[in-house]
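Okay, structure first, notes after.
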Amino acid sequence: MPQPTTSIAIQTDRLTRSFGSFVAVKALNLVVQSGEVFGLLGPNGAGKTTTIKMLTTMLPPSSGSAKVAGHDVTTDSVGVRKRMGYVSQMISADGALTGFENLLLFARIYGVPKAERQKRIDDALHFMGLTDARDKLVRAYSGGMIRRLEIAQSMLHRPQVLFLDEPTIGLDPAARHQVRDRLKELRRSFGTTILVTTHDMEEAEDLCDRIAIMKSGVIAAEGSPEELKRQAGTNSMDEVFIHFAGEFSDATNYQDVARARKTARRLG
Ligand SMILES: Nc1ncnc2c1ncn2[C@@H]1O[C@H](COP(=O)(O)OP(=O)(O)OP(=O)(O)O)[C@@H](O)[C@H]1O
Ligand SMILES: [Mg+2]
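Each residue of the sequence shown is one higher than the last, beginning at 787 in the working numbering.
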């Protein structure tokens, strides 16, 4: 449900990123309210990950600007990093470490005070349903457990804004539901603003207050799932996607699809 709030968690102003002569994200204007779950959707190569990388200060914009939790990604990247968490499209947990050890590493990286680390880690493990797997090597985790551990990692420092790039890719339906359920609970319990990408339209409808459909670096449509269905004149979210993004995007290339499949295989 949309939260009655006026504060803005994410705002971009003509945010643009080029790679050589290719413009991956074109003058993007996006506003996400505090406490909202916002879905960034679109075909392979649409520019979703590039947008997230700019918002998480991992990639400098070519032009334009963006603020996360009120801090500018270019001029105050430290301020942004303190207030955001990030679960990347690729696997970031270390398989050779236990769940606990992975979390400890992240607690240190995020500067969680030493005296609080143990409790924060235990709370995060409990919240994500991983207490029993605490001391198991991550390489023995299922795909769903790995994703939940990565979400636990990203929330250790209690970020205001959480970015998740295809958190359910490659997961079975039960594991998907668990991840979704935890994200909803994260918003409910902590008021976390969540920006998430997914290719699963049903999932987007279930999870998101609002959705933007990107195509070739621009936003083709934006609104609540209901509004988008009305605009597209359909009751099916898959048809909403096809209506706004087309069945095949010119920007989708072999590399994009290969990369998406690689992540799916590693989690599946
Ligand atoms: N470092 C890079 N160098 C050159 N081109 C890049 C680079 N990163 C991304 N691109 C290109 O920018 C475009 C957008 O890529 P991006 O990863 O943002 O897409 P995406 O919407 O996340 O796609 P997917 O659904 O496959 O994850 C693609 O055409 C991609 O090949
Ligand atoms: Mg991507």
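Glycine is no exception: its CB is placed at the ideal position from the N, C-alpha and C atoms.
Per DSSP, glutamine 797 is one residue of the beta strand (DSSP E) stretching across 794–805. Counting only runs of 3+ residues, the beta strand (DSSP E) found wholly inside the stretch 940–974 occupies 947–951, in chain order. In this structure, the alpha-carbon of glutamine 964 lies about 15 Å from that of valine 982. Apart from the 5 residues on each side of it in sequence, alanine 1031 sits with its Cβ closer than 7 Å to the Cβ of Gly828, Pro829, Ile999, Lys1001, Ala1006 in its chain, given in chain order. Around serine 874, the same chain offers Asp951 as residues with beta carbons nearer than 6 Å, after the five sequence neighbours per side are excluded. The Cβ atoms of phenylalanine 892 and glutamine 946 do not sit closer than 8 Å to each other. Threonine 836 and leucine 826 have their C-alpha atoms some 12 Å from each other. The nearest non-hydrogen atom of ligand 1 is less than 7 Å from the C-beta of threonine 835.
A check of alpha carbon separations from isoleucine 796 across Val811, Val817, Asp908 identifies Val817 as the nearest.
Ligand 1 has no heavy atom closer than 7 Å to the beta-carbon of phenylalanine 949.
Taking every protein chain shown into account, the CB of lysine 905 has fewer than 16 other CB atoms within 10 angstroms, so this residue is exposed. The DSSP-derived three-state label of glycine 885 is helix. Of all C-beta pairs linking the stretch 907–918 to the stretch 858–866, fewer than three are shorter than 8 Å, placing the two stretches out of contact. With respect to threonine 884, arginine 934 sits apart: the two C-beta atoms are not nearer than 8 Å.
The continuous alpha helix (DSSP H) containing arginine 869 extends over residues 863–869. For arginine 925, the CB contacts under 8 Å within the same chain, skipping 5 residues up- and downstream, are Gly881, Ala882 in chain order.
Scanning Gly821, Val809, Ala960, Lys1015 for the CA closest to the CA of alanine 855 turns up Gly821.
DSSP places methionine 1000 in the strand class (E or B) of the three-state scheme. Taking one beta carbon from each stretch, the stretch 839–858 and the stretch 799–808 have 3 or more pairs nearer than 8 Å; the two touch. The residue from Phe805, Leu841, His985, Glu1012 with its alpha-carbon nearest to that of arginine 996 is Glu1012. In this structure, the beta-carbon distance from alanine 1018 to glutamate 1025 falls below 8 Å.
Excluding five sequence positions before and after threonine 842, the CB atoms of its chain that fall closer than 7 Å to its own CB belong to Met870, Tyr872, Phe949, given in chain order.
For proline 899 and phenylalanine 1027, the gap between their C-alpha atoms comes out near 44 Å. Around the CB of arginine 894, fewer than 16 other CB atoms lie within 10 Å, so the residue is classed as exposed.
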